[in-house]
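Participant: Counting in the working numbering, the sequence shown runs from 72 upward without gaps.
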Amino acid sequence: MSLGIPLLLALAVSMDGFSAGLTCGMRRLAIPFPSLLVICSSSAAAIACSMLIGGRLACCLPVELIGKAGGLLLFFLGIYVIGQNLRLLLRRESEPEEAPPRGALRQLSAVIKKPERADLDRSGILSLNEALLLGAALAADAFGAGFAAALIGAPLLPTVAAVGLTKLILVPLGAICGRYLARKFSPEKTALLGGFILSFIGIMTII
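(1) On a Cα-Cα basis, can you pick out the residue from L209, I240, T94 that is closest to Y251?
(2) Could you name the residues of the same chain whose beta carbon sits closer than 7 Å to that of P171, not counting the 5 residues immediately before and after it, in chain order?
(3) Based on the DSSP secondary-structure assignment, which residues constitute the bridge partners of A101?
(4) For I110 and A202, which I take to be in contact (beta-carbon distance under 8 Å), what is that distance rounded to the nearest angstrom?
(5) Out of curiosity, what's the CA-to-CA distance linking L204 and A189?
(6) Report the three-state DSSP secondary structure of L191 (helix, strand or coil).
(7) So which of L107, P77, I124, L100 has the shortest CA-CA distance to D192?
(8) Assign C248 to one of two classes, buried (16 or more other C-beta atoms within 10 Å of its C-beta) or exposed (fewer than that).
(9) Is the segment 229–248 touching the segment 151–159, taking contact as three or more C-beta pairs under 8 Å?
(10) Nearest-angstrom Cα distance between S198 and A129?
(11) Can you tell which of T276, G266, S270 has the C-alpha that lies nearest to the C-alpha of N156?
(12) Count the other CB atoms, across all protein chains shown, that sit within 10 Å of the CB of L222; report buried if there are 16 or more and exposed otherwise.
(13) Identify the continuous alpha helix (DSSP H) that holds I240 and give its terminal residues.
(14) Suppose contacts are defined by Cβ-Cβ distances below 8 Å. Is L145 in contact with L269 by that definition?
(15) Measure the Cβ-Cβ separation of L148 and G88 and say whether it is below 8 Å.
(16) Which of helix, strand or coil does DSSP assign to C131?
(17) Apart from the five residues just before and just after I277, which ones in its own chain have a Cβ nearer than 6 Å to its Cβ?
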C-alpha cells in the first residue's frame, strides 16, 4: 500500500484538530508548544492502539472480507462525523450558554462539542492537563479510524507518524485562522471535511 492512504487518513482525523484550533483562535485561547505536543501525542497514541487491536482482529477474519470490513467501517465513521458536526452546526446558534460541566465524562463530552471548554480555569492558556483533556476528545475519531485502517492494511508506523505530524501542523494553523479569519470559517464546517474524506476512503476501499 502506498503512503497515499495513511496521508488521507491523517488529514481526515486531523480536521477536528484544525477545527479545535480554529475555535481556540476565535476565543483567543493560547496553545503553548508543550500542550500542542500533548494533543498530537494523544491522537497518535489512540490510532496506534486501535491499529494494533484491528490488526489482531484482522487475523481472525476471512481474507476476502478484511478490506471490505475496514472500508465499511471508514464509510460509516465518516457519515457519523458528518452527522455529528451538522447537528452541532444547527444547535450552536440556538443553545444558551451552559454551566461548566462536572465529572470527567461530562467534561470530555463538553470538550468534544466545544473545544474551548478545555480551558477549565479560564486563564486563556491551555495547560498540559487541559491539553490532555482536549487531546482525549480529539482522539476519539482517530481511534475509530485506526481500527478500520488496520483492516484495510494501512502500515502502522507511517500512519501513526502521519497523524501526529498532520495534527501538529493543523491545530496551530487552525488557531491562526481563528484569530485572523474568524468570520470566514466555521469549526463545524471544517470538521465536516474530515468526515467526507473518511467516507471517500471507505468507498474507494470497497470498490
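For every residue, glycine included, the Cβ atom is placed at its ideal position computed from N, Cα and C.
Facilitator: Let's see:
(1) Locating residue 251 in the sequence shown gives position 180, where the first residue counts as 1. Considering only alpha carbons, the answer is T94.
(2) In the sequence shown, counting from the first residue as 1, residue 171 sits at position 100. Caution applies to P171, whose pLDDT of 48 falls short of 50 and renders its modelled position unreliable; the value that the coordinates give is listed next. Cβ neighbours of P171 beyond the five flanking positions: none.
(3) For the purposes of this step, residue 101 is identified with residue 30 of the sequence shown, where counting begins at 1. DSSP output for A101 lists I196 as bridge partner(s).
(4) Within the sequence shown, residue 110 is the residue found at index 39, counting from 1. Within the sequence shown, residue 202 is the residue found at index 131, counting from 1. About 5 Å; that satisfies the 8 Å criterion.
(5) Here residue 204 refers to the residue found at position 133 when the sequence shown is read from its first residue. Here residue 189 refers to the residue found at position 118 when the sequence shown is read from its first residue. Between L204 and A189, the C-alpha separation is close to 6 Å.
(6) Numbered from its first residue, the sequence shown carries residue 191 at position 120. L191 falls in the coil class under three-state DSSP.
(7) Taking the sequence shown and counting its residues from 1, the one referred to as residue 192 is at position 121. Of the listed residues, the one whose Cα sits closest to D192 is L100.
(8) Numbered from 1 along the sequence shown, position 177 holds the residue referred to as residue 248. Counting every other CB atom within 10 Å of its CB across the protein chains shown gives C248 a total of 16 or more, marking it as buried.
(9) no
(10) In the sequence shown, residue 198 corresponds to position 127, counting from 1. In the sequence shown, residue 129 corresponds to position 58, counting from 1. Each residue's Cα considered, the two are about 39 Å apart.
(11) Numbered from 1 along the sequence shown, position 85 holds the residue referred to as residue 156. Nearest option by C-alpha distance: G266.
(12) Position 151 of the sequence shown, counting from 1, holds the residue named residue 222. Buried.
(13) The sequence position of residue 240 within the sequence shown is 169, counting from 1. Going by DSSP, I240 is part of the alpha helix (DSSP H) stretching over 227–251.
(14) In the sequence shown, residue 145 corresponds to position 74, counting from 1. In the sequence shown, residue 269 corresponds to position 198, counting from 1. Yes, Cβ-Cβ distance for L145 and L269 is below 8 Å.
(15) Counting from one through the sequence shown, the residue named residue 148 turns up at place 77. Counting from one through the sequence shown, the residue named residue 88 turns up at place 17. Contact: no.
(16) Residue mapping note: residue 131 aligns to position 60 of the sequence shown, counting from 1. Three-state DSSP puts C131 in coil, outside helix and strand.
(17) Your numbering for residue 277 matches position 206 in the sequence shown. Closer than 6 Å at Cβ, skipping near neighbours: K139, G142.
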